[in-house]
Every structure is written in structure tokens, then in C-alpha cells.
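Here's the structure, in C-alpha cells; my notes come after.
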Amino acid sequence: MAEVTVIGAGVSGLSAALNLQLAGFDVRILTRDPPQGSASAAAGAVWSGGSVAGRSRRWADDSLAHFLKLATRADSGVGLRRMRQLFPQQVGLPWFKDKLPFFANMRPDELPSKGQDGWIMDVPIVAPPRYLQNLQEQFLGAGGKLDVREVTSLDGLADDSGLLVNCTGAWAKYVTPDPEVFPIRGQTLLIDAPQIRTGTMRSSDDTYLFPRDDGVLLGGIYQYYSWRQEIDRAQSRDILERCSQIEPAVTDAAIIRTAVGIRPGRAAVRLEAEKRSDGRTVIHNYGHGSIGFTLSWGCALEVLALARKLSNR
Ligand SMILES: Cc1cc2nc3c(=O)[nH]c(=O)nc-3n(C[C@H](O)[C@H](O)[C@H](O)COP(=O)(O)OP(=O)(O)OC[C@H]3O[C@@H](n4cnc5c(N)ncnc54)[C@H](O)[C@@H]3O)c2cc1C
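Structure representation (C-alpha cells):
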């Protein structure tokens, strides 16, 4: 019988499961979809700490340290890339400017128009298919168990009595259940364009290009309250059009893959322990919205700290 059951195998579940396992807990994962079928697999995924405050800042900071370390290793699925972030108004300097290997404000002549602001920096970008695969392999290689199985309720797991860790992303809305969770549908395209070496995030219309180890990822779409999993071809055309304004090379590039992912929207991440009416304790770790990779490792460390406290070890 596992001491800890983690529900969900996206970036939140896998990171939590691996950290718990490394600390000596006997861990199993139950997940409706394998890691490559999670919303995490469709993500960007750039480390993006611009909007975080409070305890999320600590999680983002811990994750940044983790990703910077991985970016020095081949095949980690994490690369350090030059990235421009453009804002339609003045924004000042971010809290993490001295934590990145390179950071500068863009000069007025480098900005598309007057009154705008921009940062140029070297940031970690994760290629989720490779990174998730690595987390899964490490977990299974060290003896962890992963069962592909749907959990309908946190109260319905009669087959063991250990600690539960709830990493069900947007589906925490129903599994927990938590009415504060809502879906934010996203769609991305991965293209073959090795000549694009600098990434861009344009905040005014949520357009981004991320050069990754496996291609250049293009986005973005933020469709609030939509659970639709089908690819929307009009949205793909819209993404290509917006990205080609930034990098004309996008127009002729071959499309490697198009993907849809449902972000777990919530006013704030829920990361806390809860005693359920059946006596079981659940550590919730969901609601990371559009920055789940940015927070993932730091959140996993906090899940571990809570699990240690709850089990006196
Ligand atoms: C298009 C897109 C681009 C993004 N870009 C970025 C980015 O650049 N940077 C960044 O930091 N973040 C980004 N994000 C956000 C980030 O991907 C998410 O916040 C993160 O993936 C959430 O991970 P998760 O593990 O909590 O949830 P998910 O990846 O959704 O995983 C949930 C897991 O729970 C399982 N599950 C659900 N219900 C059940 C059930 N009933 N029983 C058993 N298992 C269940 C699922 O099968 C899945 O394995 C992006 C997201 C999208 C969609």
C-alpha cells in the first residue's frame, strides 16, 4: 500500500510525486491521462515570473533555480533562450532581473512604437514532452507506480488510506469539487523554424513565439470557460498570422504539431492540506492558471514540506 497517492500526472503531479519519492515516501500516481495527454504537454512553456506575488513568488523563485540548473544539461527538456517581452505601457523592472543570467530593458529604438516598454532576457523555456517524459522516467525508474485510471471523487478511493495529493488541474473543479476553478482553453502550434533563435512575448494581444529544443512554439489563445478539446483551425490561422507579424519566417515553416490544453483557472493557486469528512488528509495543489510550469517545482517542494509535517518526518 502506497504511503502517498498523487492524483494527476501533469507537471504539478509529476513534480510533486518525484519530490516526495526522492524524500523517501512510497508514492503511486493515479491519472486519467498519461503525462503526454495532460494539459501540461500542450504548454509553452516559458518560465514567466512577471505577475507573481506573495507565496507564488517563492514558488516561482524555487522553480527558476531548478530550471536554470537543468538548462545546463543536454536532454533535460529545458533550454536557456534569449527572449523579448513587450508591453503596451511602461512596466518598470521585475523582481527577478538579477536572478537571470542576462536581463536588460529594451531601448526606445528597439520597441515597436512609442510609449511601450520591453525586457530582453535569457530565460528557461521548457519543452514539455521531453521534460514530462524525464520526470516520469525518473519516477518509474526509482520504483514509483503510475496507474492510468480516473478518480471520480477524493472520497471514493477505498483501496488505501494514505495521504492524497490532488493535482488534477482544471478537473479539480469536479474531483475536489471546487467551484472556484474554471477552464481557460489554449491552443499552440509547434513549427520547424531553427532560424528563429530569439523568442517574443507580446502582452498586448497575448502572442508568443518560444524557440525550444523541439521546434518553435507559437501561441496564444486564452478562451475562458471553454473545455473544448478539438483543434480550431481558424484559431491556428490567427496564431500564424499574429506570429508572422513578429517573425515573417513563420509563414513558410512546416507545422510539426498542433495541440489544445485546458489551463486550470482560479483566482489563486490552492496549495494547502485539508482534512476530509472521511478522515483522510488531502494536500491540494491545483489552480496554477497560465503559469503552472513557472510555479511547478516550488509548489512540489511545498507539497513535500506539508507531507513531512503531516507524517512527522
Ligand atoms: C497553451 C498553453 C500554454 C501555456 N504556457 C505556459 C507557459 O509558457 N509557462 C507556464 O508556466 N505555464 C504555461 N501554461 C500553464 C501550464 O501548462 C498549466 O498551469 C499546468 O500545465 C497545469 O499543470 P497541472 O499538472 O496542474 O494540470 P494538468 O496538466 O491539467 O494535469 C492534470 C492531471 O490530472 C489528471 N486528472 C484530471 N482529472 C482526473 C481524474 N478525475 N482522475 C484522475 N486523474 C485526473 C489529468 O489526466 C492530468 O494528468 C500553459 C498552458 C497552456 C494550455
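Note that this note's numbering has the sequence shown beginning at 1, numbered continuously upward.
Beta carbons: idealized from backbone N, C-alpha and C, even for Gly.
Measuring CA to CA, which of the options is closest to residue i?
i      : options                           : result
Val27  : Ala267, Asp33, Leu140 and His284  : Leu140
Trp95  : Asp109, Ala127, Ser76 and Gly50   : Gly50
Asp320 : Leu189, Gln136 and Leu154         : Because the chain in this structure spans residues 1 to 313, residue 320 falls outside the shown range and cannot be described.
Val269 : Val181, Ala43 and Glu110          : Val181
Leu93  : Val250, Asp178, Met121 and Val175 : Met121
Glu137 : Ile283, Ala17 and Ile262          : Ala17
Ala307 : Tyr225, Ile255, Asp214 and Gly162 : Gly162
Val151 : Arg228, Ser12, Asn134 and Trp171  : Trp171
Asp214 : Ile196, Gly220, Val52 and Asp109  : Ile196
Gly298 : Gln36, Ala41, Ala60 and Pro34     : Ala60
Pro129 : Gln90, Phe293, Ala42 and Glu110   : Ala42
Arg185 : Ala253, Gly261 and Val175         : Gly261
Glu110 : Arg84, Arg280, Thr294 and Pro248  : Arg84
Phe293 : Val282, Ser63 and Leu146          : Ser63
Val148 : Ser38, Arg228, Ala45 and Gln90    : Ser38
Leu157 : Thr258, Thr176, Ala142 and Leu86  : Thr176
Look up residue i in the DSSP assignment and give the residues it is bridged to.
i      : result
Phe103 : Met121
Arg28  : Thr5 and Lys145
Glu272 : His284
Pro211 : Val216
Asp192 : Ala254
Phe182 : Gly265
Gln223 : Arg185
Ala300 : Ala300 is not bridged to any residue.
Val11  : Val11 is not bridged to any residue.
Thr200 : Arg84 and Leu209
Ala259 : Thr188
Cutting at 8 Å between CB atoms, please list the residues of its own chain near residue i, excluding the five before and the five after it.
i      : result
Ile246 : Thr200, Arg202, Thr207 and Leu209
Leu240 : Leu189, Leu218, Val250 and Thr251
Pro35  : Ala9, Gly10, Leu14, Ala41, Leu132, Gln133, Leu135 and Gln136
For residue i, does the count of other Cβ atoms within 10 angstroms reach 16, so buried, or fall short, so exposed?
i      : result
Leu304 : buried
Asn166 : buried
Ser113 : exposed
Pro194 : exposed
Thr72  : exposed
Ser311 : exposed
Tyr224 : exposed
Gln21  : buried
Lys173 : buried
Gln235 : buried
Trp47  : buried
Pro183 : buried
Arg233 : exposed
Phe102 : exposed
Arg276 : exposed
Glu272 : exposed
Glu302 : buried
Ala127 : buried
Arg187 : For clarity, residue 187 is Gln in the given sequence; the question names Arg instead. Flag for Gln187 reads buried.
Among the residues of its own chain, which have a CB less than 6 Å from the CB of residue i, if the five just before and after it don't count?
i      : result
Arg81  : Ile125, Gly199 and Pro211
Arg255 : Just to set this straight, residue 255 is Ile in the shown sequence, not Arg. Answer for Ile255: Leu189 and Ile191, listed in chain order.
Ala104 : Ile120
Phe25  : Glu3 and Val4
Ile300 : Just to set this straight, residue 300 is Ala in the shown sequence, not Ile. Closer than 6 Å at the Cβ level, and outside the excluded window around Ala300, lie Ser15, Ala16 and Asn19.
Ala267 : none
Please return the same chain residues whose Cβ sits closer than 7 Å to the Cβ of residue i, not counting the five positions on each side in sequence.
i      : result
Pro88  : Gln116, Ser203 and Ser204
Val6   : Gly13, Ala16, Ala17, Val27, Ile29, Val165 and Cys167
Arg228 : Arg185
Ordered list of beta strand (DSSP E) runs contained in the segment 53-96, each at least 3 residues: 78-87
Which runs of the beta strand (DSSP E), 3 residues or longer, sit entirely within the segment 130-174? 145-148 and 163-166
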